[in-house]
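Working notes, beginning with the structure itself.
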Amino acid sequence: MHEASLAGGILQLVERTAERERFARVTHLRLEAGQLAGVESRALRFALEAIAPGTLLDGARIDIDEPPGEAWCMDCSVTVQIAQRGDACPHCGGYRLQPTGGTELKVIDMQVED
Amino acid sequence: MCVVCGCAGDGSQVSIEGHGHAHPANPYSPAARRAKPASRAAEPVLADHAHVSVDPASGDLHFGAGAAKVSVPGMSQARAIRLETDILGENDRIAAQNRRHFAAHGVTAFNFVSSPGSGKTTLLCATIEALKGRAPGLPVSVIEGDQQTAFDADRIRATGAPAIQVNTGKGCHLDAPMVAEAFARLHRHDHGAARSLLFIENVGNLVCPAMWDLGEAAKVAILSVTEGEDKPLKYPDMFAASRLMLVNKVDLLPYLKFDVERCIDFARRVNPDIEVIRVSATTGEGMDEWLAWIAARMQPAVAQPAAQPVRAS
Numbered sequence: 001m002h003e004a005s006l007a008g009g010i011l012q013l014v015e016r017t018a019e020r021e022r023f024a025r026v027t028h029l030r031l032e033a034g035q036l037a038g039v040e041s042r043a044l045r046f047a048l049e050a051i052a053p054g055t056l057l058d059g060a061r062i063d064i065d066e067p068p069g070e071a072w073c074m075d076c077s078v079t080v081q082i083a084q085r086g087d088a089c090p091h092c093g094g095y096r097l098q099p100t101g102g103t104e105l106k107v108i109d110m111q112v113e114d
Numbered sequence: 001m002c003v004v005c006g007c008a009g010d011g012s013q014v015s016i017e018g019h020g021h022a023h024p025a026n027p028y029s030p031a032a033r034r035a036k037p038a039s040r041a042a043e044p045v046l047a048d049h050a051h052v053s054v055d056p057a058s059g060d061l062h063f064g065a066g067a068a069k070v071s072v073p074g075m076s077q078a079r080a081i082r083l084e085t086d087i088l089g090e091n092d093r094i095a096a097q098n099r100r101h102f103a104a105h106g107v108t109a110f111n112f113v114s115s116p117g118s119g120k121t122t123l124l125c126a127t128i129e130a131l132k133g134r135a136p137g138l139p140v141s142v143i144e145g146d147q148q149t150a151f152d153a154d155r156i157r158a159t160g161a162p163a164i165q166v167n168t169g170k171g172c173h174l175d176a177p178m179v180a181e182a183f184a185r186l187h188r189h190d191h192g193a194a195r196s197l198l199f200i201e202n203v204g205n206l207v208c209p210a211m212w213d214l215g216e217a218a219k220v221a222i223l224s225v226t227e228g229e230d231k232p233l234k235y236p237d238m239f240a241a242s243r244l245m246l247v248n249k250v251d252l253l254p255y256l257k258f259d260v261e262r263c264i265d266f267a268r269r270v271n272p273d274i275e276v277i278r279v280s281a282t283t284g285e286g287m288d289e290w291l292a293w294i295a296a297r298m299q300p301a302v303a304q305p306a307a308q309p310v311r312a313s
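Each protein sequence line maps, in turn, to chains S and L. The first sequence begins at 1 in UniProt numbering and counts up one residue at a time. The second sequence begins at 1 in UniProt numbering and counts up one residue at a time.
Now the structure itself:
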């Protein structure tokens, strides 16, 4: 359940931004959790909803983008899509893959109200 | 702010053509922060709209002076905030600090990750004992992560190595601030050694610790042969994040159905570069190779401040 820690980190990020940008409430929060980022989106959403009451995130709509996993196949020298780590290259069936995309875990943007 | 025109309002009765209404007071609006009665009087049209600021000296108009650095019709300045910020960024910043701190003191840190019961603590104790013979005088200290109890730190201290227990409570992993705090309490600047080792035993958990950088030189995953050989595929993130996989308890292989080659093959599917060493903390098998691996990754020694000369009486 490291998603609970991540949710805490997101709240901290939002609170720091609120100190800087001066707002009272987040209405819409957009996150990016790539398919290879090691995060279960449903668990992250659950954790965020659990900590939201009484915070700036209370009642905020949360969207989590999940960019697909991408990896560089060292044998084919092409970028291929993979659903998870340990998947084979769809071209050669090999496993010499280096993930290049879908590993991000970020707060993209938010809509706020004063 | 006004939902009809999108202007930020400054608390006065503002009326804009097509819709007249009172704007609520908003102390944080750009207009309130900028309020300058003199220039407002001179620029009555622009004063109603907070998107633009007027240079009092030249009269130039600035549409990008607000929080968003851009003026979007129908949207207030503070309304959309683009962050593009890494959620683990704060942890990573402190991990980088730890890494610099370790390097400055000639400390090489390894982060040991595994499931509960893989034999991490036993292997660490055996490693510390073996190092006493192999590298006498090389200080080794240990940060022990568990949810509760100081049992593991007690076991380490029994070998003579200093250890500090970090209890994470409900937490499922160590993070960089915990390690920074523990290291500050554990590390003695007066031990006189130019190089030392720091073993960080993470919470027994094959999922969560993968994402948290602690400032270590490498993550070392320990997988014991009493577990399933398919664990690298079941918990790929941990094996992807690790530099080395120690296959532990190999003395038990004759009694088990555990295909080591298959296990290694699975680990390399998720991390083609992962190194593998087979060890047994009980029989000492593989310890030479493991100690050589550690030695090859040690930080360069740092110059120590000259010792206080002992005054001859």
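All C-beta atoms in this analysis are idealised placements derived from N, C-alpha and C, irrespective of residue type, glycine included.
Problem - Assigned secondary structure, Asp146(L) (DSSP; H/G/I helix, E/B strand, else coil) - result: strand
Practice task
Taking only runs that begin and end inside the segment 19-92 of chain S, name each unbroken beta strand (DSSP E) of 3 or more residues, in chain order.
Solution key: 25-33, 61-65, 69-73, 78-82
Handout entry: Leu138(L) versus Thr17(S): straight-line alpha-carbon distance, rounded
Key = Distance from the CA atom of Leu138(L) to the CA atom of Thr17(S), rounded to whole angstroms, is 45 Å.
Practice task
Mind listing, in chain order, the continuous beta strand (DSSP E) runs of no fewer than 3 residues lying wholly within the segment 269-297 of chain L?
Solution key: 275-278
Problem - Residues that Leu233(L) contacts on chain S, provided the C-beta gap is smaller than 7 Å - result: Per Cβ cutoff of 7 Å: Gly86.
Handout entry: Reduced DSSP secondary structure (H/G/I, E/B, other) of Thr100(S)
Key = strand
Practice task
Check whether the Cβ atoms of Leu291(L) and Arg134(L) sit closer than 8 Å, and answer yes or no.
Solution key: yes
Handout entry: Touching by the beta-carbon criterion (3+ pairs, under 8 Å), the segment 200-215 of chain L and the segment 165-180 of chain L
Key = yes
Practice task
Tell me, please, which residues DSSP counts as bridged to Asn167(L).
Solution key: Asp146(L)
Problem - Status (buried if at least 16 other CB within 10 Å, exposed otherwise) for Glu113(S) - result: exposed
Practice task
Check whether the Cβ atoms of Lys219(L) and Asn111(L) sit closer than 8 Å, and answer yes or no.
Solution key: yes
Handout entry: Residue span of the alpha helix (DSSP H) that contains Ile156(L), given as start and end
Key = 151-157
Practice task
Assign Arg85(S) to buried or exposed, taking buried as 16 or more other Cβ atoms, counted over all protein chains shown, within 10 Å of its Cβ.
Solution key: buried
Exercise for the section: In the DSSP assignment, find the beta strand (DSSP E) that holds Glu201(L) and state where it starts and stops. Expected result: 196-201
Exercise for the section: Give me the Cα-Cα distance between Ala33(S) and Asp109(S), rounded to the nearest whole angstrom. Expected result: 13 Å
Practice task
Look at Thr168(L) and Val203(L) and say whether their C-beta atoms are less than 8 Å apart.
Solution key: yes
Problem - Closest residue to Phe183(L) among Phe102(L), Glu227(L), Thr149(L), Lys249(L) (Cα-Cα distance) - result: Phe102(L)
Exercise for the section: Please decide whether Ile87(L) counts as near chain S, where near means a Cβ-Cβ distance under 8 Å. Expected result: yes
Problem - Nearest-angstrom Cα separation, counted from Asp265(L) out to Ile82(S) - result: 18 Å
Handout entry: heavy atom of the ligand SAH below 7 Å from Arg157(L) C-beta
Key = This structure simply doesn't include the ligand SAH, nor any ligand for that matter.
Practice task
Under 8 Å by Cβ, that's how I've got Ile156(L) and Ala163(L) pegged, so tell me the actual separation to the nearest angstrom.
Solution key: With a Cβ gap of about 4 Å, Ile156(L) and Ala163(L) count as contacting.
Handout entry: 8 Å contact criterion, which Leu197(L) and Thr108(L) should meet: CB distance rounded
Key = 6 Å
Exercise for the section: Determine contact between the segment 3-11 of chain S and the segment 70-82 of chain S, defined as no fewer than three beta-carbon pairs at a distance below 8 Å. Expected result: no
Exercise for the section: For Val107(S), return the contacting residues in chain L, with the cut-off set at a CB-CB distance below 9 Å. Expected result: Leu83, Glu84, Thr85, Asp86, Ile87
Problem - Contact list for Arg262(L) against chain S, beta-carbon separation under 9 Å - result: None at all; the shortest Cβ gap to chain S is about 13 Å.
Handout entry: Of the listed residues Gln148(L), Arg100(L), Pro136(L), Asp154(L), nearest to Thr121(L) (C-alpha basis)
Key = Asp154(L)
Problem - Residues bridged to Leu186(L) (per DSSP) - result: Looking at the DSSP assignment, Leu186(L) forms no beta bridge with any residue, so it has no partner.
Problem - Near-chain L residues of the segment 15-28 of chain S (beta-carbon distance less than 8 Å), N- to C-terminal order - result: Thr17, Glu21, Arg22, Phe23
Problem - Of the listed residues Gly54(S), Gly59(S), Leu105(S), Pro67(S), nearest to His28(S) (C-alpha basis) - result: Gly59(S)
Handout entry: Inter-residue Cα distance where the pair is Gly160(L) and Met298(L)
Key = 21 Å
Problem - Buried/exposed call for Pro136(L), threshold 16 Cβ in 10 Å - result: Answer is exposed; the Cβ neighbour count stays below 16.
Problem - Closer than 7 Å at the beta carbon, the chain S residues around Val203(L) - result: Residues of chain S passing the Cβ test: none, with the nearest at roughly 10 Å.
Exercise for the section: Just the C-alpha distance for Glu84(L) and Lys106(S), rounded to the nearest angstrom, thanks. Expected result: Approximately 6 Å between the Cα atoms of the pair.
Exercise for the section: State the Cα-Cα distance for the pair Arg40(L) and Glu104(S), rounded to the nearest angstrom. Expected result: Interpretation of Arg40(L) is limited by its pLDDT of 39, a score under 50 that renders its predicted location unreliable; the figure taken from the coordinates is listed afterwards. Cα to Cα, Arg40(L) sits roughly 46 Å from Glu104(S).
Practice task
Name the one or two DSSP bridge partners that Ser118(L) has.
Solution key: Paired residue(s): none; Ser118(L) is not in a bridge.
Practice task
Using a cut-off of 7 Å between C-beta atoms, extract the partners of Met211(L) located in chain S.
Solution key: His2, Gly38
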